[in-house]
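**Q**
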Amino acid sequence: MARVKPQELFDQFNPQMRAALEEALNKLLPDVQVDRRMLYLEFRLALNRKFKQWENVPNSAVDAD
């Protein structure tokens, strides 16, 4: 088992996560007016509350250089 820090992964993939959330909102709720910046911030806070500082993942999920 490998261990990862989810917060650091979220930080690393921040632009991609933001774009994916934006794409999902546009597809599912195209006419809804939402402060997308605040939605993303709340999404990140919720993620941080759900994960421990370190999470175990299968070795197949990581590739160390």
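Take -16 as the starting number for the sequence shown in this note's numbering and just add one per residue. C-beta atoms are modelled at their ideal positions from N, C-alpha and C, and glycine is treated no differently. Keep in mind the model is a prediction, meaning the values are calculated, not measured.
1. Which stretch, first to last residue, makes up the alpha helix (DSSP H) that contains N(-3)?
2. For N42, which residues of its own chain have a beta-carbon under 6 Å away from its beta-carbon, when the five flanking residues on both sides are left out?
3. Is any heavy atom in the ligand SAH found nearer than 8 Å to the beta carbon of Q(-1)?
4. From E(-9) to D18, what distance separates their C-alpha atoms?
5. Starting from A(-15), follow its DSSP beta bridges and name the residues at the other end.
**A** In this structure, then:
1. -3 to 11
2. A(-15)
3. This structure does not include the ligand SAH; it has no bound ligands of any sort.
4. 25 Å
5. V40
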